[in-house]
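S.K.: Each residue of the sequence shown is one higher than the last, beginning at 1 in UniProt numbering.
Beta carbons are placed, not taken as given, at the ideal position from N, Cα and C, and that holds for glycine.
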Amino acid sequence: MKGGGGEVVLDLAERMGVKQEKYRRFLERKIRVYRMWQSFSYYSTLYLKLYNETSEYLIQFLLLDDLFFECDEAVLNLLDNFLEQLVKAYNNKLHEDFDKGVFFEEYTSKVN
1 MKGGGGEVVL
11 DLAERMGVKQ
21 EKYRRFLERK
31 IRVYRMWQSF
41 SYYSTLYLKL
51 YNETSEYLIQ
61 FLLLDDLFFE
71 CDEAVLNLLD
81 NFLEQLVKAY
91 NNKLHEDFDK
101 GVFFEEYTSK
111 VN
């Protein structure tokens, strides 16, 4: 969508999507620190999936009804704060598991 001065103006859903992607990349960089950990693949997949689901559900909720907030900026600030806290929480939990040496190994079941 174009504004009056020819600049590109994103609608609220697009702006929320941009924030969601920004924080996903931030989480990916934080997770990458643990790539040498034997359980990295499992935890990386788990936390990124949780992030995607949680952030998507929040965005859907916030877009359902604009009665909660008077302006888009309030919605974007809420989303920003929530995603920042979500990434921090996931990073802290991942660090705890790494420090404890939590190990996850996938076992393949053999059918006889």
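1. How would you call V33, buried or exposed, if buried means at least 16 neighbouring beta carbons within 10 angstroms?
2. Which same chain residues end up closer than 8 Å to V18 when comparing Cβ atoms and leaving out the 5 residues on each side of it in sequence?
3. Nearest by alpha-carbon distance to E14: which of F82, L76 and V87 is it?
4. Consult DSSP for S41 and reduce its assignment to one of helix, strand or coil.
5. Excluding sequence positions up to five away, which residues of its chain have a Cβ less than 8 Å from the Cβ of V56?
6. Can K30 and N91 be called in contact, C-beta distance under 8 Å?
M.R.: Walking through what the data contain:
1. exposed
2. L10
3. L76
4. helix
5. Checking the sequence shown, residue 56 turns out to be Glu, not Val. Contacts found: Q20.
6. yes
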